[in-house]
Amino acid sequence: MAEHIVKILESQYINPTVKRFVVQKPAGYTFTPGQATDVSINLPEWKEQKRKFAFTSLNRWEHLEFIIRIYRERDGVTEMLGKINAGDELIIGEPYGAIEYKGPGVFIAGGTGITPFIAILRELYKNGQIGNNKLIVSERTSKDLILDNELQNMLGNNYIKTFTREGVIGFIDRHINEDFLLKNISDFGQRFYVCGPESFVKNISNMLIELGAKPDSLVIDK
Ligand SMILES: Cc1cc2nc3c(=O)[nH]c(=O)nc-3n(C[C@H](O)[C@H](O)[C@H](O)COP(=O)(O)OP(=O)(O)OC[C@H]3O[C@@H](n4cnc5c(N)ncnc54)[C@H](O)[C@@H]3O)c2cc1C
Numbered sequence: 055m056a057e058h059i060v061k062i063l064e065s066q067y068i069n070p071t072v073k074r075f076v077v078q079k080p081a082g083y084t085f086t087p088g089q090a091t092d093v094s095i096n097l098p099e100w101k102e103q104k105r106k107f108a109f110t111s112l113n114r115w116e117h118l119e120f121i122i123r124i125y126r127e128r129d130g131v132t133e134m135l136g137k138i139n140a141g142d143e144l145i146i147g148e149p150y151g152a153i154e155y156k157g158p159g160v161f162i163a164g165g166t167g168i169t170p171f172i173a174i175l176r177e178l179y180k181n182g183q184i185g186n187n188k189l190i191v192s193e194r195t196s197k198d199l200i201l202d203n204e205l206q207n208m209l210g211n212n213y214i215k216t217f218t219r220e221g222v223i224g225f226i227d228r229h230i231n232e233d234f235l236l237k238n239i240s241d242f243g244q245r246f247y248v249c250g251p252e253s254f255v256k257n258i259s260n261m262l263i264e265l266g267a268k269p270d271s272l273v274i275d276k
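Going by our numbering, 265 is the number at position 211 of the sequence shown; the sequence numbering is gapless.
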């Protein structure tokens, strides 16, 4: 598989745990919104350590963008990504699979599972096709939300947030359950996009099917 060395042009934390990277785009490099690629850091001891990240930029942008949660406690690639900045280099592979827009529906994201949806929703918004698409985001706390303002602006009332560990009066800490889905989704005959940790995707998919969704109406990264 072809690999490309790309320079980081810009990087900054957009919340306490998430860092945005703008990187060079190789000539002729294209992808479908929702796709991801293998990324490693171009340093001798790191270049073989590949991790998957979704593109949050659009094809028509001059550069690529990745939005990455930094796990400082894990001693892994993202901890190192937390330390590198503009001028450092990444190695990226070819774009591949993952999630693709197949028509209007409800997007349900757990944590950084939002990233492929960001590209899809940005593309729809740019093309005036955001329509009645709905986004449900489950995050640990409100401080961990990714691109909250932009998503609010794009989706208005069709942007729903829920927190598992907010721990603040006025917020209900909860994991998405069937009651929550029933309250926030009126039609289980529509299409659903689900992305997040494996257990999140499995649990949400099972609940949706239990509530009447057809298995082939679920778009997930298998
Ligand atoms: C298709 C796809 C697209 C993705 N896109 C994005 C994206 O756009 N943005 C983004 O931020 N993430 C994304 N991810 C997730 C991302 O790939 C992982 O967060 C990343 O690989 C973590 O790398 P790491 O080296 O820091 O940690 P890891 O290699 O996962 O972990 C390092 C060490 O920490 C320990 N560890 C692992 N998991 C846990 C855990 N849950 N709790 C505690 N300790 C643990 C293990 O001992 C492990 O050896 C995507 C994943 C997939 C599959």
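No residue lacks a Cβ here, since even glycine has one placed at the ideal position from N, Cα and C.
Computed from a prediction, not measured in an experiment: that's the story for all the values here.
Item: Beta-carbon gap between Tyr125 and Glu119 smaller than 8 Å; Value: no
Item: Any heavy atom of ligand 1 nearer than 5 Å to the CB - residues listed; Value: Ala90, Arg105, Lys106, Phe107, Ala108, Ile122, Arg123, Tyr125, Arg128, Gly130, Val131, Thr132, Ala152, Thr166 and Thr169
Item: Residues near His58 in its chain [Cβ-Cβ closer than 6 Å; skip 5 each side]; Value: Pro80 and Ile146
Item: Phe171 - containing alpha helix (DSSP H), residue span; Value: Ile168 to Lys180
Item: Identified DSSP bridge partners for Ala163; Value: Val191 and Cys249
Item: Beta-carbon proximity check, Ile190 vs Asn257, cutoff 8 Å; Value: no
Item: At least 3 beta-carbon pairs within less than 8 Å: the region 241-251 vs the region 259-276; Value: yes
Item: Alpha-carbon spacing of Lys106 relative to Ala90, whole angstroms; Value: 6 Å
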